Amino acid sequence: MRYRRQEAGTALLFLAPALVLFAAFVVYPIVYNVQASTLRWDGVNVGQFVGLGNYKELLEDPVFVTTLRNSAWWILLTIAPQAIIGFLLAVALNRRLRGRAVYRAIFFIPAILSPVVVGIVWQRILDPFNGVVASVGRLTGIDVLTQPWLSDPSTAIFAAIFVNVWMWTGFSMLFYLAGLQLIDTSVIEAARIDGATGLQLMARILWPLLRNTHLSLLLLGVIGSLKTFELVYVLTEGGPNHASEMLPTYTFKQAFQLQSVGYASTISVVLLVVAVVSSLSMVRAFGSGFLTGDET
Amino acid sequence: MTRRRYRPDASGRLHLVLVPLAALWLVPIVMTLGLSLLPRSNPKTTALGLLPESPSLSNYVEIWQGNPILGHLLNSVIISVPSIALTILFGSMSAFALARLRVPLKAVIFGALTLALILPMSSIIVSTFKILQSLGLYNNLLGLVLVYTALGLPFAVIIIRTAFLAIPNETYEAALIDGANRWTIYWKLYLPLARPALSVVVIWQLMMTWNDFLLPLVTLSDNALKPLTLVPLAYRGTFLSQPGALFAILVLISVPIVAVFLAVQRYLVNGLAGAVK
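Those sequence lines, one after another, are chains A and B.
Position one of the first sequence corresponds to residue 0 (numbering that gives the first Met the number 0), numbered consecutively onward.
Position one of the second sequence corresponds to residue 0 (numbering that gives the first Met the number 0), numbered consecutively onward.
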């Protein structure tokens, strides 16, 4: 008994630094947000208690509807392409292939670049006057390519999504490569002997065996989509006229440009609830093994 | 190994697909490098706007002389390096406790940690700003280090814990019986074995600390303290007239992180897979 208590004490010492930082910069901000979401507050003067007023206002806010729609598009149109291209790249680059380290680096490097860099670079690429896309359009006569992708409200969000796919596909590839290392080679060997073609091997054996990787990427993808801020902020600032607004960019605008800290906190709380509920329901549906590395 | 079984002609066909795809993927990178060589004297481009007509290194000289770039670069280092070190240390300590020790409320702690993985930076930015202010860490690089460490810990704990779990439990028990205390086991045995996982954490944490601009944008008012990522945003107006200099800065922001990535690249896949060396 004494031994056990001593071990628990040691364990707490091991955990202490992480828990302290965690309390200060994760738990406290959440509490703070919840509290501030009940105030009409500019962040400086004393706030005025409005109960659930901010939430009611948010539900009637057309921009809020836009952000939800954009998040839905983001989730739908980033996760699947990133997973499929990433998977194919991983299968191709998992074999002994000349230059595979170079290929891996080329596809992964966009993911490690700053969104500031990626945003500014793609602004230029998509620029209707100086951009590469427009130049290709003029050269080939495909006029549609010369349109202002980022400043047209009907295309802005999709252009940002496209850039996101360029940026993060290599990340999915790396995850799949890691997943492939865990597959027992004898399974592949056996399938080969049974005469499975490369395509069958990929679709019937590798893809199902990578279940945990799919789930991790799905979870990270949903959370990442909801959290998207930097890229959109640099590319479009959520514009034009909120057309590419995401929940985090809208939060930022409310808090730092419009000085409605109470309202911004309300958006944050809603965002957090949506993120937590969707993560929890995934963990509930699929088990938590894909996240914790435990066998389920 | 299974690899010998692939038909010999398959890899040739693979290159046929991979080369064009890789080339397409590289377009933005090539353009960034190309435009960084675009001199102010001749802002004309060729090759679909990818390359300058008369390349020159003048922009690199200019940004070095015109802005306190070295200072901004140092700020980025002062933010990133300590935060990576702390995340590795605190993260691996927690991971050790969660993997091998009897922890009260283990599930709650683990669940709470994953909460931070979900938390968007923009949601905590206002409150973080207030906390840092009350701690006297507003407009201070240490404040950034602490926040990034807190936000990076969940991922670190998850990845390192997986690696620790892959180390046979018998090793741990044998060491205990030999009279090693838990701190020694953690430091001398577990930490070195988890090197691939640690390299993943290094890259992950570097991506957050080196690339983020929201937190410094809000918590640093002093221009001299700003990290490299804020330079393009801070001087956006100035750069409008000289895109070459802007792209040279973008290259400068990217070179260090790409270099670190190339250095640890060969560990990453195994590290993510939770393998131990």
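Cβ coordinates follow ideal geometry from the N, Cα and C atoms, glycine included.
All values derive from a computational prediction rather than experimental measurement.
Closer than 8 Å, CB to CB, is S134/A near chain B or not?
Stepping through the first sequence from its first residue, residue 134/A is reached at position 135. So yes, S134/A belongs to the interface.
At least 3 beta-carbon pairs within less than 8 Å: the stretch 10 to 24 of chain A vs the stretch 148 to 158 of chain B
yes
Looking at C-alpha atoms only, which residue of N138/B, L100/B, Q204/B is the closest neighbour of L224/B?
Sequence index remark: in the second sequence, residue 224/B carries index 225 (1-based). Here the closest residue by C-alpha is N138/B.
Report buried or exposed for E229/A, applying the criterion of at least 16 other Cβ atoms within 10 angstroms of its Cβ.
To locate residue 229/A, count along the first sequence from 1; it is residue 230. Burial call: buried.
Tell me which residues of the stretch 207 to 231 of chain A have at least one Cβ-Cβ distance to chain B shorter than 8 Å, keeping chain order.
I222, L225, K226, F228, E229
Can you check DSSP and say which residues form a bridge with L38/A?
Mapped onto the first sequence, residue 38/A falls at position 39. Per DSSP, F48/A.
Starting from the N-terminal side, write out each stretch of the alpha helix (DSSP H) that is 4 residues or longer and does not extend beyond the stretch 94 to 173 of chain B.
105 to 117, 120 to 133, 140 to 164
Compute the distance between the beta-carbons of P231/B and I248/B, then report whether it is under 8 Å.
For this step, residue 231/B is matched to residue 232 along the second sequence. For this step, residue 248/B is matched to residue 249 along the second sequence. Yes, they are a contact pair.
May I ask you to report which of helix, strand or coil DSSP gives L50/B?
Within the second sequence, numbered from 1, the residue matching residue 50/B stands at position 51. Residue state, collapsed to three classes: strand.
Taking a contact to mean a Cβ-Cβ separation below 8 Å, would you say L152/B touches A115/B in this structure?
Reading the second sequence from its first residue, position 153 is the one you call residue 152/B. Reading the second sequence from its first residue, position 116 is the one you call residue 115/B. Yes, they are a contact pair.
So what does DSSP say about T184/A, is it helix, strand or coil?
Sequence index remark: in the first sequence, residue 184/A carries index 185 (1-based). If DSSP states are grouped into helix, strand and coil, T184/A belongs with the helices.
Report whether the distance from the Cβ of P119/B to the nearest heavy atom of the ligand MG is below 7 Å.
For the structure depicted, the ligand MG is absent and the ligand set is empty, with no information on it obtainable.
Anything in the stretch 172 to 190 of chain A with a Cβ closer than 8 Å to a Cβ of chain B? List those residues in chain order, please.
L173, F174, L176, A177, G178, Q180, L181, T184, I187, E188
Just list the alpha helix (DSSP H) runs in the stretch 138 to 211 of chain A, keeping only unbroken ones of 4 residues or longer that don't cross its boundaries, in chain order.
155 to 180, 184 to 192
For T44/B, name the three-state secondary structure that DSSP assigns.
For the purposes of this step, residue 44/B is taken as the residue at position 45 of the second sequence. Residue state, collapsed to three classes: strand.
So which residues of chain E does V120/A contact, with C-beta pairs closer than 9 Å?
No chain E is present in this structure, whose protein chains are A and B.
Cα-Cα separation, N129/A to G48/B:
The residue given as residue 129/A occupies position 130 in the first sequence. The residue given as residue 48/B occupies position 49 in the second sequence. Their backbone Cα atoms lie some 6 Å apart in a straight line.
What separation, rounded to the nearest whole angstrom, lies between the Cα atoms of F174/A and T227/A?
What you label residue 174/A is simply residue 175 of the first sequence in a count that begins at 1. What you label residue 227/A is simply residue 228 of the first sequence in a count that begins at 1. Those two C-alpha atoms are separated by around 20 Å.
Alpha-carbon to alpha-carbon, L214/B and I124/B:
If you number the second sequence from 1, residue 124/B lands on position 125. If you number the second sequence from 1, residue 214/B lands on position 215. If you take the alpha carbons of I124/B and L214/B, they lie about 7 Å apart.
Taking 8 Å as the CB-CB cut-off, is V25/A touching chain B?
Start at 1 with the first residue of the first sequence, and residue 25/A comes out as number 26. Chain B, which has a Cβ nearer than 8 Å to the Cβ of V25/A, makes this yes.
When E188/A, M245/A, V164/A are compared against F63/A, the one with the closest alpha-carbon
Taking the first sequence and counting its residues from 1, the one referred to as residue 63/A is at position 64. Checked all of E188/A, M245/A, V164/A; the closest Cα to F63/A is M245/A.
I'd like to check one pair, V200/B with G90/B: are the Cβ atoms closer than 8 Å?
Along the second sequence, read from residue 1 onward, the residue named residue 90/B stands at position 91. Along the second sequence, read from residue 1 onward, the residue named residue 200/B stands at position 201. Taking 8 Å as the Cβ cut-off, G90/B and V200/B qualify as a contacting pair.
What is the DSSP secondary structure of L87/A, counted as helix, strand or coil?
Counting from one through the first sequence, the residue named residue 87/A turns up at place 88. Here L87/A sits in helix by DSSP.
F107/A to T170/B span [Cα, whole Å]
Taking the first residue of the first sequence as 1, we reach residue 107/A at position 108. Taking the first residue of the second sequence as 1, we reach residue 170/B at position 171. Rounded to the nearest angstrom, the two C-alpha atoms are 36 Å apart.
Which whole-angstrom value describes the C-beta separation of W73/A and P109/A, a residue pair presumed to lie in contact below a C-beta threshold of 8 Å?
Position 74 of the first sequence, counting from 1, holds the residue named residue 73/A. Position 110 of the first sequence, counting from 1, holds the residue named residue 109/A. Between P109/A and W73/A the Cβ distance is about 17 Å, and since that is not below 8 Å, they are no contact.
Check whether the Cβ atoms of G33/B and L56/B lie closer than 8 Å to each other.
Taking the second sequence and counting its residues from 1, the one referred to as residue 33/B is at position 34. Taking the second sequence and counting its residues from 1, the one referred to as residue 56/B is at position 57. It is not a contact, given that the beta carbons lie outside the stated cut-off.
Could you tell me if A296/B is buried or exposed, where buried requires 16 or more neighbouring beta carbons within 10 angstroms of its beta carbon?
In this structure chain B extends from 0 to 276, so residue 296/B is not present and cannot be described.
Could you spell out where the alpha helix (DSSP H) holding G130/A opens and where it closes?
As a first step, residue 130/A is located in the first sequence; it is residue number 131 there, counting from the start. Per DSSP, G130/A belongs to no alpha helix (DSSP H) and is neither H nor E.
Starting from the C-beta of A263/A, find all residues in its chain whose C-beta is less than 6 Å away, skip the five residues before and the five after it, and write them out in chain order.
Taking the first residue of the first sequence as position 1, residue 263/A is located at position 264. Correct list, in chain order: T250, Q253, A254.
What residue range does the alpha helix (DSSP H) around G118/A cover?
On the first sequence, position 119 is the one that residue 118/A refers to. Segment 114 to 124, the alpha helix (DSSP H) holding G118/A.
If contact is defined by three or more beta carbon pairs under 8 Å, each pair taking one atom from either stretch, is the stretch 267 to 287 of chain A in contact with the stretch 7 to 23 of chain B?
no
List the whole-angstrom C-beta distance separating P242/B from L36/B, where the pair is believed to meet the contact cut-off of C-beta under 8 Å.
The count along the second sequence starts at 1 and reaches residue 242/B at position 243. The count along the second sequence starts at 1 and reaches residue 36/B at position 37. In fact, because the Cβ distance is near 11 Å, the residues do not count as touching under 8 Å.
CB of I78/A within 8 Å of CB of L217/A, strictly:
Translated into the one-based positions of the first sequence, residue 78/A becomes position 79. Translated into the one-based positions of the first sequence, residue 217/A becomes position 218. Yes, Cβ-Cβ distance for I78/A and L217/A is below 8 Å.
Give the range of the alpha helix (DSSP H) segment to which P239/A is assigned.
Position 240 of the first sequence, counting from 1, holds the residue named residue 239/A. Looking at the DSSP string, P239/A is not in any alpha helix (DSSP H), and its letter there is neither H nor E.
CA-CA distance, Y5/B and Q81/A?
Numbered from its first residue, the second sequence carries residue 5/B at position 6. Numbered from its first residue, the first sequence carries residue 81/A at position 82. Confidence at Y5/B is low in this model, with a pLDDT of 48, below 50, so its placement is unreliable and no value can be given for it.
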